[in-house]
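Enquirer: Take a look at the following structure, please.
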């Protein structure tokens with residue numbers, strides 16, 4: 001069974017710059033680096049779409065994804081607080097009768 005090889009962010013950026021800045025063809029750059037042309041093509045697309053946030057690595061979120069995660073956590077907390085207040089209202093309403 002083959003193990004999957006991982007490449008550093010710097011390697012990916014250098015590989016992409018060969019094509020974008022030094023005008024290599026994708027196949028030439030991939031061959032000289034010992035990677036597949038398809039992989040280099042994916043890296044180029046990711047660099048174009050993500051820009052500075054490309055090649056984040058595992059578990060590293062974009063600022064938008066991090067904000068969504070925080071907002072979901074806050075939403076969950078606020079819903080729990082609302083439920084606690086509802087239960088407290090019912091409890092104290094029974095106590096006053």
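Numbering (full-length UniProt numbering), first residue to last: 1 to 97.
We put the CB at the ideal spot given by N, CA and C, even for glycine.
#1: Run the CB neighbour count on residue 30, radius 10 Å, all protein chains shown included, and call it buried at 16 or more, exposed below.
#2: For a test of the three-state rule: what should DSSP assign to residue 92, helix, strand or coil?
#3: Could you check which residue in 44, 25, 55 has the C-alpha nearest to that of residue 7?
#4: Pick out whichever of 11, 79, 60 has its Cα sitting closest to the Cα of residue 34.
#5: Nearest-angstrom Cα distance between residue 39 and residue 48?
#6: Please list the terminal residues of the continuous alpha helix (DSSP H) segment that includes residue 49.
#7: In terms of residue numbering, what span does the alpha helix (DSSP H) encompassing residue 28 cover?
#8: Between residue 71 and the ligand SAM, is the CB less than 7 Å from at least one heavy atom?
Expert: Walking through what the data contain:
#1: Indexing the chain shown from 1 puts residue 30 at position 30. The residue in question, residue 30, is buried, as its Cβ has 16 or more Cβ neighbours within 10 Å.
#2: Counting from one through the chain shown, the residue named residue 92 turns up at place 92. The answer is helix: DSSP assigns residue 92 an H, G or I state.
#3: Within the chain shown, residue 7 is the residue found at index 7, counting from 1. That would be 55, whose Cα lies nearest to the Cα of residue 7.
#4: Counted from its first residue, the chain shown places residue 34 at position 34. Nearest of 11, 79, 60 to residue 34, Cα basis: 11.
#5: Taking the first residue of the chain shown as position 1, residue 39 is located at position 39. Taking the first residue of the chain shown as position 1, residue 48 is located at position 48. Distance between the alpha carbons of residue 39 and residue 48 is about 14 Å.
#6: By 1-based counting over the chain shown, the position of residue 49 is 49. Residues 37-50.
#7: Along the chain shown, read from residue 1 onward, the residue named residue 28 stands at position 28. Counting along the chain, the alpha helix (DSSP H) containing residue 28 begins and ends at 26-33.
#8: Absence of the ligand SAM from the depicted structure is noted, as is the absence of any ligand whatsoever, leaving it without description.
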